[in-house]
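*Asks:* No gaps in the numbering here: position 6 of the sequence shown is 6 in UniProt numbering, and each next residue is one more.
Note that CB positions come from ideal geometry on N, CA and C, so glycine has one too.
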Amino acid sequence: MKMRSIGETIASLRKEKGMTQNELAEKMNVTDKAVSKWERDLSCPDVNTISKLADILEVSVEELLKAKKKDNLEMKTKDLMNLIFKAVALAMGIAAVTLNILNQIAVKSSIIMLGIGIICISIYLLTNKENKN
1 MKMRSIGETI ASLRKEKGMT QNELAEKMNV TDKAVSKWER DLSCPDVNTI SKLADILEVS
61 VEELLKAKKK DNLEMKTKDL MNLIFKAVAL AMGIAAVTLN ILNQIAVKSS IIMLGIGIIC
121 ISIYLLTNKE NKN
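In structure tokens:
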């Protein structure tokens, strides 16, 4: 997961709330130029104003300072699904080859197992291609 800077986080949260830089500045009792500098990572909010900023943007101070959102669960789920697709594909391939070598499986069943593996790899590759775009 790509970590965002504090400035990117502030800008993103402000836009989610439908606020302009000027509106946020008024609520924070700072200039709009200060907010602009925060969002461009040219400066950071004062330690004394972080709590107020978090309240206005309706996030915890920790979320604001760590510059991460609560969508970690979604990212962990995607990572887990990718791992499962890779593991199933690998397991199917190994099982099909091993069982075929030991003459413990019919060729038709072996082809089905390899097909399942190929489908899993295809899903993994397609979802990763979509995430990169």
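From residue 134 to residue 9, what distance separates their C-alpha atoms?
*Replies:* In this structure the chain extends from 1 to 133, so residue 134 is not present and cannot be described.
*Asks:* What's the C-alpha gap between residue 43 and residue 37?
*Replies:* If you take the alpha carbons of residue 43 and residue 37, they lie about 6 Å apart.
*Asks:* Leaving out the 5 sequence neighbours to the left and right, which residues in its chain are closer than 8 Å to residue 100 when beta-carbon positions are compared?
*Replies:* Taken in chain order, the residues that qualify are 107 and 110.
*Asks:* For residue 87, count neighbouring C-beta atoms within 10 Å of its own C-beta (all shown protein chains included) and say buried if the count is 16 or more, exposed if not.
*Replies:* Result: exposed.
*Asks:* Whole angstroms are fine: how far does the CA of residue 75 sit from the CA of residue 34?
*Replies:* Each residue's Cα considered, the two are about 32 Å apart.
*Asks:* For the alpha helix (DSSP H) containing residue 52, name the first residue and the last one.
*Replies:* Where residue 52 is concerned, the enclosing alpha helix (DSSP H) stretches over 50 to 57.
*Asks:* Ordered along the chain, which non-local residues of its own chain (more than five positions away) have a Cβ less than 7 Å from that of residue 47?
*Replies:* There are no such residues.
*Asks:* When the cut-off is 7 Å and only beta carbons count, does residue 13 lie next to chain D?
*Replies:* Of the protein chains in this structure there is only one, and it is not chain D.
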